[in-house]
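What follows is a short report on a single structure.
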Amino acid sequence: MAFQPEVNPFDLSVVVVYGVLLAGIVLTIRGRVLAGYWLAASIVLAALALFIHFFHGAQSETPHVIMRSYDDPALGIPALIVLFALLAALACLAGYALRVLLRRHQPPVRS
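Letter 56 of the sequence shown, counting from 1, is numbered 92 in the working numbering, and no numbers are missing.
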């Protein structure tokens with residue numbers, strides 16, 4: 037499998053991912069977005085990654101396809117580790133953002 041020079045869905049997804057992350061970082065630093073943004077962003081980005089890698093039919097970039105993209109399988113293993121680490125990080129981000137949102141909407145505990 038050779039890399040193609042034309043623009044493809046992967047290129048567009050990278051622009052979307054970096055746009056969401058960069059906007060979130062900038063707006064968080066400025067105090068404009070909080071946990072709700074990061075919860076939505078983590079859900080959207082995880083859904084995008086899952087769709088592209090597992091639910092995109094014949095065009096899915098499954099772990100098998102990722103491994104076959106490299107001449108040496110030892111080079112495909114780090115790519116799979118990155119994919120699953122990314123999905124795990126997005127799940128953790130979603131969980132933490134949800135925890136912050138739920139805590140914010142609970143009445144304070146009085147001693």
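Even glycine gets a Cβ: it sits at the ideal position worked out from N, Cα and C.
Return yes when the Cβ of residue j is within less than 8 Å of the Cβ of residue i, no when it is not.
i, j, result
"Y73", "L63", "yes"
"L137", "L75", "yes"
"A77", "V51", "no"
"M103", "G112", "yes"
In or out: residue i buried (at least 16 other Cβ within 10 Å) or exposed?
i, result
"L126", "buried"
"H89", "buried"
"A133", "buried"
Could you spell out the range, first to last residue, of the alpha helix (DSSP H) harbouring residue i?
i, result
"S78", "A71 to F90"
"G131", "P109 to R140"
"V101", "P99 to R104"
Can you round the beta-carbon distance between residue i and residue j to whole angstroms, since I take them to be within the 8 Å contact cut?
i, j, result
"P99", "L84", "Between L84 and P99 the Cβ distance is about 17 Å, and since that is not below 8 Å, they are no contact."
"A130", "I79", "6 Å"
From the beta carbon of residue i, is the nearest beta carbon of chain D less than 8 Å away?
i, result
"R140", "Of the protein chains in this structure there is only one, and it is not chain D."
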